[in-house]
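Read through the structure below, which is laid out as structure tokens, and then see the notes.
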Amino acid sequence: MLLRTMTATRTPYDEFRARANREIPVVVLEPTPEQRPLPREPKSSCLRDCMSRIADRLRSLDEAATGAAHEIRRITMPKYLLLKHYRGGPEPHRPVPPIDQWAPADVEAHMAFQHHISELLERSGEYVDAQALAPARTWVRYGGPEAAPVTTDGPHPETSDLIAGWWIIDVESPERALELAAYASSAPGPGGEPLYEWIDVREIMWERPHTTEPE
Amino acid sequence: MIDEPRRTLDEGALRALVPRVLVALVRRGEDFDAAEDALQDALLEALRVWPEHPPRDAQAWLAKVATRRLVDARRSEYARQRREEATLADPPPPAVAEEGDDTLFLLFCCCHSDLAPASQMALTLRAVGGLTTREIADAFYVPEATMAQRVSRAKRALRGRRLDRPGDLAVVLRVLYLIYTTGHVGPPTRVDLAGEAIRLARQLTLATEEPEARGLFALMLLNHARLPARLDSEGRIVTLDRQDRGLWDTSEIAEGVRVLQSALTMQTEERRLGRYQIEAAIAALHDDAASAEETDWPQILSWYDDLVALTDDPVRQDPAAALGRAVAIGHVLGGAAGLRETERLREVLGDRHRWHAVRGHLHELNGDLHAAGAAYADAARRATNVAERDHLVRQAARARAAER
Chain A
10 MLLRTMTATR
20 TPYDEFRARA
30 NREIPVVVLE
40 PTPEQRPLPR
50 EPKSSCLRDC
60 MSRIADRLRS
70 LDEAATGAAH
80 EIRRITMPKY
90 LLLKHYRGGP
100 EPHRPVPPID
110 QWAPADVEAH
120 MAFQHHISEL
130 LERSGEYVDA
140 QALAPARTWV
150 RYGGPEAAPV
160 TTDGPHPETS
170 DLIAGWWIID
180 VESPERALEL
190 AAYASSAPGP
200 GGEPLYEWID
210 VREIMWERPH
220 TTEPE
Chain B
190 MIDEPRRTLD
200 EGALRALVPR
210 VLVALVRRGE
220 DFDAAEDALQ
230 DALLEALRVW
240 PEHPPRDAQA
250 WLAKVATRRL
260 VDARRSEYAR
270 QRREEATLAD
280 PPPPAVAEEG
290 DDTLFLLFCC
300 CHSDLAPASQ
310 MALTLRAVGG
320 LTTREIADAF
330 YVPEATMAQR
340 VSRAKRALRG
350 RRLDRPGDLA
360 VVLRVLYLIY
370 TTGHVGPPTR
380 VDLAGEAIRL
390 ARQLTLATEE
400 PEARGLFALM
410 LLNHARLPAR
420 LDSEGRIVTL
430 DRQDRGLWDT
440 SEIAEGVRVL
450 QSALTMQTEE
460 RRLGRYQIEA
470 AIAALHDDAA
480 SAEETDWPQI
490 LSWYDDLVAL
500 TDDPVRQDPA
510 AALGRAVAIG
520 HVLGGAAGLR
530 ETERLREVLG
540 DRHRWHAVRG
550 HLHELNGDLH
560 AAGAAYADAA
570 RRATNVAERD
580 HLVRQAARAR
590 AAER
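These protein sequences, in sequence, are chains A and B. In this text, residue positions in the first sequence follow our numbering: the first is 10, and each later residue adds one. In this text, residue positions in the second sequence follow our numbering: the first is 190, and each later residue adds one.
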């Protein structure tokens with residue numbers, strides 16, 4: 010079903026955008042108590058504050074409406090890492106069996122969607138990188154002087170967080186990063202229903218300072 | 190923009206000149222390392238300048254520019270030496286092997302057994318293949334600076350080594366085959382590594398009479414002929430038994446068979462068949478079948494018997510051949526017999542996706558779709574290539590759906 014929609018002129022991405030109501034704020038879930046290792050400041054308000062600060066900054070640049078302001082905005086386009094996990098992260102919104110147990114048509118639709126996202130990002134000029142990681146993991150550390158490196162597959166290899174792969178995107182705004190991550194999360198799962206998979210969104214820090222400091 | 194006539198550069202012809210010019214420089218007594226660097230500069234210059242100003246004598250142009258670079262480099266090196274008050278004269282130019290085997294000579298340099306395989310491949314593609322560092326970097330998915338470093342480290346490792354003696358042809362063959370398989374397995378890049386390996390193998394067969402060189406060349410051709418059918422329009426892997434055989438390149442198959450035959454006729458009592466000739470024979474048998482059902486598995490199995498007989502302990506020394514033989518056994522004697530054969534390889538290959546994938550196939554031959562689905566899923570978890578992983582997930586889902 011999905012494959013058919015994708016060959017039509019209106020892509021699933023168009024559908025997604027058409028349905029997305031920009032007035033609805035991003036729903037921020039509080040972490041469940043058992044997921045919260047230590048008492049701390051509510052993360053949600055921090056995220057919102059941070060987002061709105063960035064948005065304010067961009068808006069003020071817009072309002073300045075000068076060529077120079079436009080230039081600054083262009084060169085400060087943030088890069089984001091959209092991480093997919095094999096396991097770990099918040100409680101799954103929709104638990105699903107491993108993909109090799111899905112119906113073949115659902116597997117095809119899911120894989121087609123992954124290709125479609127990479128193509129979409131390349132076409133929009135937001136693509137930087139995408140990689141998949143094999144699930145086998147080895148932790149390694151320095152073994153000490155004249156000792157071999159020490160390796161382990163982790164204290165809880167069955168339950169610990171495990172990254173499956175990522176997209177790196179170069180986007181106009183943090184909102185755009187969240188929008189793309191949410192779209193990636195809508196990839197079809199069993200029965201063609203969206204997976205509602207949690208995507209881990211991280212801003213990539215700049216290597217060089219934004220402004221030139223006097224030497 | 191005004192539409193000016195776009196002059197297209199024959200990059201293939203340009204690249205074919207690189208090893209010739211390089212050998213001429215080295216035979217003249219230039220240091221291999223410095224000459225190779227200078228020529229890479231000349232190549233980049235040619236790629237920049239020639240589209241607008243094609244030279245009258247391309248080879249002479251490259252030699253001249255490379256020589257100019259060498260003189261410049263030597264001048265600054267001489268100044269440095271003077272400052273350091275180091276030794277006076279350069280060592281005398283090495284006596285090199287006789288004329289006429291330029292390609293072989295260069296391949297022996299690049300595939301020196303002291304170098305790591307990644308360096309051997311990079312150096313071969315640059316010095317013999319005439320590719321730029323950037324192109325090689327793209328083909329191996331590493332940054333250009335990393336590849337440049339790999340090349341110069343390799344050449345540093347060669348410094349002081351005698352490069353005038355015949356090297357190990359077996360290493361050269363292995364490097365060319367590695368280049369081929371890297372291109373065959375990976376997603377398409379701007380540089381066609383498989384095609385490049387075929388070009389180099391063809392040159393090699395002109396430089397040596399060794400039947401194994403022909404065996405490798407034939408193996409590449411017979412394999413490459415099936416490449417157009419290996420992926421469908423969506424980029425999905427299509428296994429041999431499901432390929433549209435009409436897409437196979439018949440002229441490549443014909444050439445491969447011809448090359449293989451010419452190698453096989455050189456077989457004598459003392460000279461046993463080498464592994465590439467045997468593998469080429471197996472590939473030829475697959476290419477020869479008009480449909481998967483018509484595949485001559487008994488004959489393929491007998492060639493696999495020859496292949497594993499090349500080593501004393503095939504399970505440890507050549508597990509890939511032993512695994513291929515298990516598949517052939519499955520087709521000749523049944524899936525269960527093939528599965529028993531794979532058991533001997535569990536200890537060596539049990540962590541590899543291919544072992545599990547083969548077992549999935551053998552379970553299917555055996556009619557056990559449940560076990561096939563589980564084996565394909567195990568294989569998918571161990572795959573290190575996205576296209577193969579996706580393929581194995583599909584195989585698992587297909588087996589499980591058919592089981593229901």
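Glycine residues also receive a C-beta, built at the ideal position from the N, C-alpha and C atoms.
Own chain residues within Cβ distance below 6 Å of residue i, not counting five before or after
i	result
B/Val215	Phe221, Ala224
B/Asp495	Ile467
A/Trp111	Pro199
B/Ile442	Ala414, Asp476
A/Leu129	Tyr22
B/Asp438	Ala414
A/Asp115	Pro199
A/Glu206	Ser194
Contacts around residue i, its chain only, beta-carbon distance under 8 Å, and the 5 residues preceding and following it disregarded
i	result
A/Gln140	Gly174, Trp175
A/Thr147	Thr160, Thr161, Asp162
B/Arg505	Val537
B/Ile471	Ile489, Trp492, Tyr493, Leu496, Gly513
B/Pro332	Ala326
Neighbourhood of residue i by C-beta distance below 7 Å, restricted to the same chain and skipping five residues each side
i	result
B/Leu453	Gln466
B/Thr276	Model confidence at B/Thr276 stands at a pLDDT of 44, short of 50, so the residue's coordinates are unreliable; what they give is reported in the following sentence. Contacts found: none.
B/Met409	Tyr369, Ala386, Ile387, Ala390
B/Ile518	Leu490, Ala526, Gly527, Glu530
B/Ile585	Residue identity check: residue 585 of chain B is Ala in the sequence provided, not Ile. The answer, listed in chain order, is Gly562, Tyr565, Ala566, Ala569.
B/Ala572	His542, Arg578, Leu581
B/Leu296	Thr313, Val317, Val361, Leu393
B/Ala473	Leu411, Gly445, Val446, Leu449
A/Ser169	Gly97, Gly163
B/Thr500	Gln506, Asp507
A/Glu135	Ile178, Asp179, Val180
A/Glu202	none
B/Gln309	Cys299, Cys300, Val364
Whole-Å CB distance - residue i paired with residue j, under 8 Å assumed
i	j	result
B/Leu534	B/Leu512	6 Å
B/Met336	B/Ala311	6 Å
B/Leu320	B/Arg461	Not really, about 35 Å apart at Cβ, beyond 8 Å.
B/Ala576	B/Gly424	7 Å
B/Glu553	B/Ala588	7 Å
B/Pro400	B/Gly463	7 Å
B/Ala229	B/Thr322	The question names Ala, yet the displayed sequence has Gln at residue 229 of chain B. So it is a contact: roughly 7 Å between Cβ atoms.
B/Leu251	B/Val210	5 Å
B/Gly524	B/Leu551	5 Å
B/Val380	B/Ala328	4 Å
Query raised in the report: Along the chain, which unbroken stretches of the beta strand (DSSP E) at least 3 residues long are found entirely within the region 286 to 357 of chain B?
Result: none
Requested in this report: Count the CB pairs spanning the region 243 to 258 of chain B and the region 329 to 349 of chain B that are closer than 8 Å, and state whether there are at least three.
Outcome: no
Requested in this report: Determine contact between the region 471 to 482 of chain B and the region 426 to 444 of chain B, defined as no fewer than three beta-carbon pairs at a distance below 8 Å.
Outcome: yes
Report task. Just list the alpha helix (DSSP H) runs in the region 101 to 176 of chain A, keeping only unbroken ones of 4 residues or longer that don't cross its boundaries, in chain order. Result -> 113 to 133
Query raised in the report: Between the region 302 to 310 of chain B and the region 389 to 406 of chain B, are three or more C-beta pairs nearer than 8 Å?
Result: no
Query raised in the report: Can you list, in chain order, the residues of the region 156 to 180 of chain A whose Cβ is nearer than 8 Å to any Cβ on chain B?
Result: none
Query raised in the report: Name the residues in the region 388 to 422 of chain B whose C-beta lies less than 7 Å from a C-beta of chain A; which are they?
Result: none
Query raised in the report: For the region 113 to 124 of chain A, which residues have a beta carbon sitting closer than 7 Å to at least one beta carbon of chain B?
Result: Pro113, Val116, Met120
Query raised in the report: Going along the region 191 to 219 of chain A in order, which residues come within less than 9 Å of chain B, judged by CB to CB distance?
Result: none
Query raised in the report: Taking only runs of the alpha helix (DSSP H) that begin and end inside the region 208 to 244 of chain B, which ones reach a length of at least 4 residues, in chain order?
Result: 221 to 238
**Report entry** Inter-stretch contact at 8 Å, needing at least 3 Cβ pairs: the region 166 to 185 of chain A / the region 86 to 96 of chain A
**Finding:** yes
Query - Proximal residues, the region 543 to 574 of chain B versus chain A, C-beta separation under 8 Å - result: Gly562, Tyr565, Ala566, Ala569, Arg570, Arg571, Ala572, Thr573
**Report entry** chain B contacts from the region 100 to 112 of chain A (Cβ-Cβ distance under 8 Å)
**Finding:** Pro107, Ile108, Asp109, Gln110, Trp111, Ala112
Query raised in the report: Can at least three beta-carbon pairs, one atom from the region 98 to 116 of chain A and one from the region 193 to 206 of chain A, be found at a separation below 8 Å?
Result: yes
Query - Segments assigned alpha helix (DSSP H), at least 4 residues, entirely inside the region 414 to 477 of chain B - result: 416 to 419, 439 to 453, 464 to 477
Query raised in the report: In the region 499 to 524 of chain B, which residue ranges form an unbroken alpha helix (DSSP H) of at least 4 residues, counting only runs that do not cross its ends?
Result: 503 to 506, 508 to 522
**Report entry** Cβ-based contacts, 8 Å cut-off: residues of the region 124 to 144 of chain A near chain B
**Finding:** His124, Ala141, Ala143, Pro144
Query raised in the report: Taking any Cβ of chain A, which residues in the region 231 to 259 of chain B have a Cβ under 7 Å from it, in chain order?
Result: none
Query - Selection of the region 521 to 545 of chain B by Cβ proximity to chain A, strictly under 7 Å - result: none
Report task. Report the residues of the region 577 to 588 of chain B with a CB closer than 7 Å to any CB of chain A, ordered along the chain. Result -> Asp579, Val582, Arg583, Ala585, Ala586, Arg587
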